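Numbering (our numbering), first residue to last: 1 to 538. Notes to accompany the following structure.
What follows is the structure in C-alpha cells.
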C-alpha cells in the first residue's frame, strides 16, 4: 500500500461497518459461551445439592483485547488448591510424627500456635508416640485378660470333672496368679501416670474431651478394684469393674493410621443409632401383632372342645405361645432364626393349614420386610457415615497420598537429566502408548501431550518440576470442575468487557468527558506494525 494514499469516506464507512458487524458477532459468541458455562456450573452444583452462586457483573477492564493463553487461564487458579496438594508431598519423616485427627476440631487446632519443644507436657501428651505407646499397653492388657480367662476356665473344667481337665488350675499353670497380679499392678500404674500427665499437660482442655473422662473413670475403677481385691469379699460388682477394662480397646480405633475400613465400620455403628431405633419400633409393632394373633387363636383351639389336644401337645404349645414373652420370642425366631421347628409344631400339633400362615409369614415378613429394612438401614447409615468429618478428611488424605506416590514414580521414570522433566523427555515418554494409557487411567487423557506440557509448565521454563507435576495433574484430572468453569467464565467476561470497550471506542462514543472530535484528533495516525504506515485522514 502506498504510504501517501488517501482513504475515501466511502472506504472508511465500509471498514467501520464491517468492523462493527464483526464485533457484534464476537460479542454474541462470547455471551453464548458464558451462558453455556453458567448452565454447566448450575447443573453441576444442582447435582451436588448446592445453591449456584450469584455472579456479579465484572468491572470493565482497560480498552484492548486480552490474549488469554490456555496456560495462563490454567495458572490463574492453580494456586488455589496448592495448600491442599502440598500435603501430598509430605516426607516420611513428617508423617512419622503426624497424629491422625479424630475430629474436625482436632485437624484445625493440631498445629495451632508456635512450635513447642518435645519435652513440653502439652506437646508430649499430644504426640503420636505417646498415644501409640499406651495403645500398645492396652493391647498387652487384653492379652493378659485372655490368660486370666484361660486360667479360670481350667479351674472350672476341673470342678465339673470335664474330660481333659484332670488337674486344678494352680497345678496345671503354676505361678499364673502371681504373674497376673503383678501385670495388673503394672498396667494400672502406667494408666494412672497417663491420666496425670494428660491432666497436667492439657489443663482445661483435659476436661473438654470425653475420652479423658473415660480414662479417668477407668483409673478410679482400677483403684477401687485394687482396694476391694485386698478385702475378703467377692461381689458381682467387682467382676463388672474388671470387665470394664475391655472398653479400653475402643481407644485403639482412633489412632490406627491405615485401617480405613475399621474407621468406616466403627463410625457407621456410631451413626446407626437413629436408624436402629426406628427399625426396632417397626419390628416390635409387626411382631406384637402376630404374637397376639397366634396366642389368641391357639388359646381358642386349646380351650375349645372341637380340638382334643394331649397334655404333651399342650405343653409344646405353651412353651412357644403360652405367654406374651414366649409368643414374642417365637415370632422373632420365625423371622430371624430357624422358623422350621415352629412351623413343624404348628403343622403336627394343631393343623396342616398353619403351613399357609408360616410360609406367608416367612415370605412377607422374614424375606420382604427384613430385606427392605436391611437395605434402608444400610443406606441411611452409610449416608450419615460418609458425611462424617473424620471419614472425609481421611479419604482426601488417602487420595492425596496415592496421587503423590504415583506422580513420584512417574517423575523418577521420566526424569533423566536432573530435577526437572524437559519437553524432549516428556515427548519421548508420551510416545509410548502405555504411558498415555496410564495417564488416561488417572483421569487425564493424553490426546495432545504438548498442550498438557504447556499447562503443567507454569513458569514457562520448558521444564516441569515435581511440584508442578503434582499440582498440575491434580488440576487437570477428570471432568471440568466448578473451579475450572468459574475461572473460564471469568476470563470470558473479561474478554467480553474488553470487546465492548473496543466497540465503544470504535463507534466514537464520548468517554471520560472527551468528545468524539477530540478523540479523532488525538488518533490522527494509525500504526499497523513494521514498517509503520501513516494514514492521514481527510
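Glycine residues also receive a C-beta, built at the ideal position from the N, C-alpha and C atoms. Model, not experiment: these values are computed from the prediction.
Residue i: buried (16+ other C-beta within 10 angstroms of its C-beta) or exposed?
i	result
residue 321	buried
residue 208	exposed
residue 345	buried
residue 105	Caution is warranted here: a pLDDT of 47 is assigned to residue 105, below 50, making its placement in the model unreliable, and no coordinate value can be reported.
residue 306	exposed
residue 198	buried
residue 125	buried
residue 472	buried
residue 296	exposed
residue 278	exposed
residue 437	exposed
residue 13	exposed
residue 139	exposed
residue 22	exposed
residue 8	exposed
residue 298	buried
residue 226	exposed
residue 485	buried
residue 216	buried
residue 358	buried
residue 400	buried
residue 487	buried
residue 529	Below a pLDDT of 50, predicted positions are generally treated as unreliable, and residue 529, at 41, falls in that range; the measurement from the model is reported next regardless. Residue 529 is exposed by the Cβ-count criterion.
residue 133	exposed
residue 311	exposed
residue 169	buried
With respect to the alpha helix (DSSP H) encompassing residue i, which residues constitute its N-terminal and C-terminal limits?
i	result
residue 371	370-386
residue 327	324-336
residue 433	433-441
residue 361	354-361
residue 302	273-303
residue 364	Neither: residue 364 is in no alpha helix (DSSP H) and is coded neither H nor E.
residue 460	Per DSSP, residue 460 belongs to no alpha helix (DSSP H) and is neither H nor E.
residue 408	389-414
residue 314	311-321
residue 426	423-430
residue 343	340-345
Do residue i and residue j have their C-beta atoms closer together than 8 Å?
i	j	result
residue 441	residue 271	no
residue 318	residue 291	no
residue 195	residue 219	yes
residue 476	residue 455	yes
residue 548	residue 263	The requested residue 548 is not part of the displayed model; the chain covers only 1 to 538.
residue 465	residue 409	no
residue 15	residue 492	no
residue 552	residue 434	The question about residue 552 has no answer, for the chain in this structure spans 1 to 538.
residue 462	residue 414	no
residue 366	residue 335	yes
residue 180	residue 148	yes
residue 19	residue 506	yes
residue 449	residue 427	yes
residue 26	residue 372	no
residue 222	residue 191	yes
residue 327	residue 289	no
residue 446	residue 439	yes
residue 424	residue 38	no
residue 30	residue 502	no
residue 183	residue 144	yes
Less than 8 Å between the CB atoms is what I'm expecting for residue i and residue j, so what's the real figure, rounded?
i	j	result
residue 157	residue 165	3 Å
residue 187	residue 137	6 Å
residue 368	residue 355	Not confirmed; about 19 Å, so no contact.
residue 540	residue 154	Residue 540 is absent from the model: the chain starts at 1 and stops at 538.
residue 380	residue 280	Not confirmed; about 14 Å, so no contact.
residue 469	residue 430	No, residue 469 and residue 430 are not in contact; Cβ-Cβ is about 13 Å, not under 8 Å.
residue 382	residue 268	6 Å
residue 333	residue 339	7 Å
residue 474	residue 361	The Cβ separation is near 56 Å, so there is no contact.
residue 541	residue 314	In this structure the chain extends from 1 to 538, so residue 541 is not present and cannot be described.
Could you check if residue i belongs to the surroundings of the ligand FMN, using beta carbon to heavy atom distance under 7 Å?
i	result
residue 402	Annotation note on the ligand FMN: not contained in the displayed structure, which lists no ligands.
Say whether chain B places a C-beta atom closer than 8 Å to the C-beta of residue i.
i	result
residue 278	The chain inventory of the structure shown lacks chain B, comprising one protein chain alone.
Legend entry - alpha helix (DSSP H) runs contained entirely in the region 152-237, provided each spans 4 or more residues: Complete alpha helix (DSSP H) runs here, min 4: 169-172, 176-202, 205-208 and 210-229.
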